[in-house]
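Here the sequence shown is numbered in UniProt numbering, starting from 1 and rising by one per residue.
Okay, so here's the structure we're looking at.
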Amino acid sequence: MAGFISKKRQYRFRAFLTALLGNGDLNINQMRTDGIFSSRHIFDDATDMDSSYLYDEEVKQLLPEVFTQVVSEYTKERLFVKIHDAYTLNNAGIPIVPAEPTLCALYFIRNPLDVAGSFANHNAGPIDEAIHTMNKPRGTLAKQKRPIGEVNTNNQFAQLMLSWSGHAESWTAPEVPFPVMVLRYEDMLHDQLNTFSKAVAFMGLDKTREQIEKAIFESRFEKLKEQEKEKGFMEKNRNTESFFRSGKAGGWMNELTPEQVKSIVDNHREVMEKYNYPIPDLANK
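Next comes the structure, spelled out in structure tokens:
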């Protein structure tokens, strides 16, 4: 399950998947995945080494082998692994995501105009900073600060994202050796049954229409937001008021300045058009 920065669409799908596999049961603090690709704990457990002493290049050299081993030793029928990284190669020219154990990937995409506000909220930072990261050709999450002689302490490795467009293009490139289905966040909102049913079939899960409808109902945004209000959400940035904000599309119209809109469109017009995201008419703003 891949996606760029704005994590709300991944969490909505994780909530749906949890409800689907749990016969409707859903706790937002126990959502169904088998870890994140950038997990230091998974890496250390598989290699029996302390990765805090490794540089990022060394980690990326080992990641393909590590996840191949993790899958081979797992007893479940399939693993659901969350990933934020772009689909890239390590210094040896090998994809960091190993092809052999990978059945398929779901790629979640959202209008970058809406991603900006969501990303800024997640980081408890300004929108301009979020847009800067989205536009950077080699944008990175969880950067490792490792002065000489000291160790890395982040629980996740650095994740090379590229730009918003670069990330999408990396995962949908023809050389990706396993099937990739692109799911638009907007379709997950407005065409739920059709969109989620296609994803379930793509993953090879044998579920009925009734089971899918029940999972959609149990994972609706209002319920996720209410659970966060009642129980808190362990994955929320402690500096933000709430993780689940509005669950809508088009909020950018009340959040972004014309200059911010122009910056995003100038950098991502081609991919926006490819996925049918309307280009605002800035001349009339």
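Every residue, glycine too, gets a C-beta built ideally from N, C-alpha and C.
If I follow the unbroken beta strand (DSSP E) through V182, where does it start and stop? Taking the sequence shown and counting its residues from 1, one reaches residue 182 at position 182. Counting along the chain, V182 sits inside the beta strand (DSSP E) bounded by residues 180-184.
Taking 8 Å as the threshold (C-beta atoms), are Y185 and R110 in contact? Start at 1 with the first residue of the sequence shown, and residue 110 comes out as number 110. Start at 1 with the first residue of the sequence shown, and residue 185 comes out as number 185. Cβ distance < 8 Å, so R110 and Y185 count as in contact.
Taking all protein chains shown into account, do 16 or more other C-beta atoms lie within 10 angstroms of the C-beta of N194, making it buried, or fewer, making it exposed? By 1-based counting over the sequence shown, the position of residue 194 is 194. With fewer than 16 other beta carbons inside 10 angstroms of its own, N194 counts as exposed.
Determine whether the beta carbon atoms of F157 and S38 lie at a separation below 8 Å. Taking the sequence shown and counting its residues from 1, one reaches residue 157 at position 157. Taking the sequence shown and counting its residues from 1, one reaches residue 38 at position 38. Closer than 8 Å, so yes.
For the region 73-83 against the region 110-121, are there 3 or more C-beta pairs whose distance is under 8 Å? The region 73-83 is not in contact with the region 110-121.
Segment limits, alpha helix (DSSP H) that includes I127: The count along the sequence shown starts at 1 and reaches residue 127 at position 127. Where I127 is concerned, the enclosing alpha helix (DSSP H) stretches over 127-135.
Measure the alpha-carbon distance for F4 versus A168 and round it to whole angstroms. Translated into the one-based positions of the sequence shown, residue 4 becomes position 4. Translated into the one-based positions of the sequence shown, residue 168 becomes position 168. Its pLDDT being 47, under 50, F4 is placed unreliably by the model, and nothing is read from it.
Whole-number beta carbon distance between P112 and I264, since they are thought to touch under 8 Å: Locating residue 264 in the sequence shown gives position 264, counting from the first residue. Locating residue 112 in the sequence shown gives position 112, counting from the first residue. At roughly 5 Å, the Cβ-Cβ gap stays under 8 Å, so I264 and P112 are in contact.
Can you tell me the Cα-Cα spacing of G139 and Q61, whole angstroms? Residue 139 sits at position 139 when you count from the first residue of the sequence shown. Residue 61 sits at position 61 when you count from the first residue of the sequence shown. Taking the straight line joining both Cα atoms gives about 20 Å.
Using C-beta distances below 6 Å, list every residue in its chain close to D44, excluding the 5 sequence neighbours before and after it, in chain order. If you number the sequence shown from 1, residue 44 lands on position 44. The residues are S51.
Nearest by alpha-carbon distance to K198: which of M181, V261, V59, Q211 is it? Working through the sequence shown from its first residue, we reach residue 198 at position 198. Per the Cα distances, M181.
Run through DSSP, which three-state label would K82 get? As a position in the sequence shown, residue 82 is number 82, starting the count at 1. K82: strand per DSSP, three-state reduction.
For E175 and H268, the rounded distance between their alpha carbons: On the sequence shown, position 268 is the one that residue 268 refers to. On the sequence shown, position 175 is the one that residue 175 refers to. Spanning the alpha carbons of H268 and E175 requires a straight line of approximately 22 Å.
Within its chain, find whatever has a CB closer than 6 Å to the CB of P101; leave out the 5 residues flanking it on each side and keep chain order. Taking the first residue of the sequence shown as position 1, residue 101 is located at position 101. The residues are T68, V71.
Is it the case that the Cβ atoms of Y107 and P95 are separated by a distance below 8 Å? The residue given as residue 107 occupies position 107 in the sequence shown. The residue given as residue 95 occupies position 95 in the sequence shown. No, they are not a contact pair.
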